[in-house]
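>
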Amino acid sequence: RRPALLAERAVEDADAEVRLAAVERIDDEALLARVAERARKIDKQAARRARERLDALRVARGDAAALEQRARLLCERLERLLREPGAPGAEDEIAARWSEIEPSLAEPLRLRYRAARDLLAAMRAPKSEPVRAEPAAAPEPAAAELVPTDPPDAASPTPAAAAPLLAQARFAASLGEADAERRQERERQRALLGELDAAVGALEAALDAGASADAHAAAAHVADLRRRIDATPPRTLAQRLAATEQRYAELARWQHWADQRRRDELCAAIEALPAAGLHPDAVAARVREAQLEWTRLDAGERAGAARNDGLARRFHAACREALAPARGYFKKRQQLREAQTQHVKALIERCATAPGDASTRAEIAALRHEIIEALRGLDRVEPRERKGLAAALKERLRECDARVAALDTAVEQTKAALIAEAEALAAAAPARGAVANARALQQRWQQLGNGRRDRDQAQWRAFRAALDRVFGQLDAARAERDARDAEQRAQAEALCAELEALADAGDRGARQRLESAWAALHVNDPSLRQRFDDALARLREADARRVRAARFARFDGWLARYRLCRAAESAREAPDALRERWAAAAPTDIAETALAARFAAAPGDTPSGGETAHRDVLIGLEMLAGLESPPDDRERRRALQVERLSARLRGGAGASPAQEAAALLERWTVLAAAPEFDERFERAFAAALATLP
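Take the sequence shown: its position 276, counted from the start at 1, is 276 in my numbering, and no numbers get skipped.
#1: Tell me, please, whether the segment 44–54 touches the segment 13–27 by the rule of three or more beta-carbon pairs shorter than 8 Å.
#2: Extract the residue ranges of the alpha helix (DSSP H) inside the segment 587–644, only unbroken runs of 4 or more that lie entirely within it.
#3: If contacts are defined as beta-carbon pairs under 8 Å, then K415 and L375 qualify, I think. What distance do you get, rounded to the angstrom?
#4: Look at the alpha carbon of V670 and the alpha carbon of A568, and state the distance between them as a whole number of angstroms.
#5: Can the beta-carbon of L621 be found less than 8 Å from the beta-carbon of A688?
#6: Could you tell me the alpha carbon to alpha carbon distance between R683 and L528, rounded to whole angstroms?
#7: Can you look up L5 in the DSSP assignment and give me helix, strand or coil?
#8: Determine the DSSP secondary structure at G62, reduced to helix, strand or coil.
#9: Does DSSP classify G557 as helix, strand or coil?
#10: Would you decide whether Q530 is buried or exposed? Buried here means 16 or more other CB atoms lie within 10 Å of its CB.
#11: Using alpha carbons as the reference points, say which of R464, R598 and G377 lies closest to A426.
#12: Label A144 either buried or exposed according to how many other C-beta atoms from any shown protein chain fall within 10 Å of its C-beta, with 16 as the threshold for buried.
#13: From P716 to G201, what does the alpha carbon distance come to, in whole angstroms?
#14: Please determine, among Q69, P693, E29 and A243, the residue with the shortest C-alpha to C-alpha distance to A50.
#15: How long is the line joining the alpha carbons of L664 and L539, rounded to whole angstroms?
#16: I'd like to know if the segment 432–448 and the segment 480–491 are in contact, where contact means that at least 3 CB-CB pairs between them fall below 8 Å.
#17: Using a Cβ-Cβ cut-off of 6 Å (strictly less than) and excluding sequence neighbours within five positions of E412, which residues of its own chain qualify?
#18: Can you say whether D616 is buried or exposed, counting buried as having 16 or more other CB atoms within 10 angstroms of its CB?
#19: Pick out the complete alpha helix (DSSP H) segments inside the segment 421–453, 4 residues or longer, and give them in chain order.
#20: Taking K331 as part of the alpha helix (DSSP H), name the residues at either end of that continuous run.
#21: Quick one: using the 10 Å Cβ neighbour count with 16 as the cut-off for buried, is R1 buried or exposed?
#22: With C400 and R368 assumed to form a contact (beta carbons below 8 Å), what rounded beta-carbon distance in angstroms separates them?
#23: Considering only the alpha carbon of each residue, which of A317, R263, L645 and G472 lies closest to L292?
#24: My guess is that A322 and L273 are in contact by the Cβ rule of under 8 Å, so how many angstroms apart are they, rounded?
#25: So, does the segment 279–292 touch the segment 234–243, judging by three or more C-beta pairs under 8 Å?
#26: Apart from the five residues just before and just after L467, which ones in its own chain have a Cβ nearer than 6 Å to its Cβ?
#27: With respect to the alpha helix (DSSP H) encompassing T232, which residues constitute its N-terminal and C-terminal limits?
#28: So, helix, strand or coil for K415, using DSSP?
#29: How would you call L111, buried or exposed, if buried means at least 16 neighbouring beta carbons within 10 angstroms?
#30: I270 to D214, Cα distance in whole Å?
#31: In chain order, which alpha helix (DSSP H) runs of at least 4 residues are fully inside the segment 520–565?
#32: Let me know the secondary structure DSSP gives T409 once reduced to three states.
#33: For I372, name the three-state secondary structure that DSSP assigns.
#34: Excluding sequence positions up to five away, which residues of its chain have a Cβ less than 6 Å from the Cβ of E679?
#35: What is the rounded straight-line gap between the Cα of S516 and the Cα of R548?
#36: My guess is that S212 and Q255 are in contact by the Cβ rule of under 8 Å, so how many angstroms apart are they, rounded?
Set out below in structure tokens:
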């Protein structure tokens, strides 16, 4: 509906049918003139149609110049029919167009048209044979009478006077030519009537068979022949033609009715697509199928059949509405296809520039996998580029296969060399470095990677057999060594067991002998060495415990007898049981007499002494053990430390820790029982005893 857009499309659109359709919809004379001028050199058909529509519009509004031009063209076309036959129906078309403009024309143009029309009618009027012979001879006397036999001299009539005579001569000659043309035309008409009879028979056969497509073709042929035939057909043929055309018209009506129903169904189906929730591809496929069927329906009907423009507009509008929601999807898919196309092109370029000799098998395999994946994904690229990209990818795939074949050949040759080395190693006597050499060959084999599968397996079997012979020889030597090692291990286990027995029994007599025997075995087994070292450590610990127990037996004996004294003083146990335990207790030389007196006096009088004496002893034990004293005794502890330091500075002899501990225990023995200090004493005594060397 936008004239400017229609004018632009009429000149610039790529489709010729669209350009003509745009011209048909332009109703502005200025735009039509502009379109005719712009399309004059690029689309003659559109330019001619624009000029025709421009003339039609000018004629319709009564433009005098346009009417005169139209009248002259029609007269020229009608006069041309006198000289050469035109298309069937041309005279009727000229008459119809003349009748539209005749009331607005001048009288000279009307006279010219009527003269040409009457002459053409006279030429085509059918005449009987006797009558036809007379016109043939009639022109000759008329020409003889009108045209002088002798040429005129200089005194002859003027050109203006001779012009009518020359015109009559030309008219007489044209009558002779017209008579010959009429005879030829009658022959041509007879041939066309025979062809029409055959065409009517073909149309009848198609109608009898119910073949609508053949019937349409035959009807089109009949219509073309009827346009070309001017003579009246024979009555029999005319009757057959009328009956056949009636049957064909009925067939065409029924077909048009059925096609219209199908068109209505197609419109309804397309209008229901937006609410169906289908995938955009499915919507596009259904719209495309409907459009193809619509086109087939149009092509299947007879030429010139009336089309329901309203139904067609409804169908095309429904197609546009159905495809509207999918445009975003198709646009995005187009972008993805373009991206995939660029990716495939980049892959092809990368394959072309990749160095062939420097590529490893893994790199080639990865590249080959990419190419195969790209081939499988070609449905995601632009359809117009798929064929070219597929050919390029296949060529790159063949190049990769050639590279792999070259690598396979190189791997095969290198592995053959490794097999030769392995066989040479198997043929030689077992040497110290045979295992290392065999391992090195295996590592080199693994580093080569895989070649062609069947050849790889055969080479691997040969390589493995050679190495098996090498390892077989080494296994025999290893078995001999294992036997010696087993015997050595048995001896080492026996030494470990004997040493463990000594450690448990506390016997130190055979220790030196066992250590000498162990050193002579040179045992390398870590577990056995650990076992022997553990047993030796237990034996040494037992010796240390015995030495320490002997050194500190006097302190342990004092503590045991002191605890019996405290038990007797508190009367927690029966006196008889306490006396039995006293008699069984280990002897001690620390305050032995005081302990015996205290035990004997219990539970009577207890030793005397104040709290200060208790604290002094406890502080002494804590100082000896390196323990912190309670906050209440810190001042007293500093005073005792100062006093001890002063004694040392005066040159007094210092006592050993054991002597100092024994003195403190003697002082504690004679002090009265102080249950509030028992726990502190036990802790300080145990700590002091642990610090003694």
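Ideal Cβ placement from N, Cα and C applies to all residues, glycine included.
With the given structure in hand:
#1: Note that the segment 44–54 touches the segment 13–27; at least 3 beta-carbon pairs, one per stretch, sit closer than 8 Å.
#2: Uninterrupted alpha helix (DSSP H) stretches at least 4 residues long and entirely within the segment 587–644 occur at 592–601 and 611–625, given in chain order.
#3: In fact, because the Cβ distance is near 32 Å, the residues do not count as touching under 8 Å.
#4: One Cα belongs to V670, the other to A568, and the distance between them is close to 15 Å.
#5: Yes. Within cutoff.
#6: R683 and L528: Cα-Cα distance of roughly 42 Å.
#7: DSSP places L5 within a helical segment (H, G or I) once states are collapsed to three.
#8: Here G62 sits in coil by DSSP.
#9: Residue state, collapsed to three classes: helix.
#10: So Q530 ends up on the exposed side.
#11: Sorting R464, R598 and G377 by C-alpha distance to the C-alpha of A426 places R464 at the top.
#12: Residue placement at A144 is poorly supported in this model, since its pLDDT is 35, which falls under 50; the coordinates are not used for a value here.
#13: There is no way to answer for residue 716, as the model of the chain reaches only from 1 to 693.
#14: Selected option, being the one with the closest Cα: E29.
#15: Distance between the alpha carbons of L664 and L539 is about 34 Å.
#16: In short, these stretches do not touch, since the Cβ pair count stays below three.
#17: Taken in chain order, the residues that qualify are G451 and R455.
#18: D616 should be labelled buried.
#19: Given a length threshold of 4 residues, each whole run of the alpha helix (DSSP H) inside the segment 421–453 is given here in chain order: 434–448.
#20: Per DSSP, K331 belongs to the alpha helix (DSSP H) from R327 to T353.
#21: R1 counts as exposed, since fewer than 16 other beta carbons sit within 10 angstroms of its beta carbon.
#22: Here C400 really is in contact with R368; their C-beta atoms are around 4 Å apart, less than 8 Å.
#23: Comparing alpha-carbon positions, the option among A317, R263, L645 and G472 lying closest to L292 turns out to be R263.
#24: Right, the Cβ-Cβ distance comes to about 4 Å (below 8 Å), so this counts as a contact.
#25: Using a C-beta cut-off of 8 Å, the segment 279–292 makes no contact with the segment 234–243, since fewer than three inter-stretch Cβ pairs fall below that distance.
#26: A distance below 6 Å between beta-carbons, with the five flanking residues on each side excluded, links L467 to the following residues of its chain, in chain order: A422 and A438.
#27: Premise fails: T232 is in no alpha helix (DSSP H) and is neither H nor E.
#28: Of the three classes helix, strand and coil, the one that applies to K415 here is helix, per DSSP.
#29: So L111 counts as exposed.
#30: Whole-angstrom Cα-Cα distance: 31 Å.
#31: Runs found: 526–551.
#32: Correct three-state label for T409: helix.
#33: I372: helix per DSSP, three-state reduction.
#34: Closer than 6 Å at Cβ, skipping near neighbours: no residue.
#35: Each residue's alpha carbon lies about 27 Å from the other.
#36: Going by Cβ atoms, the distance from S212 to Q255 rounds to 6 Å, so yes, they are a contact pair.
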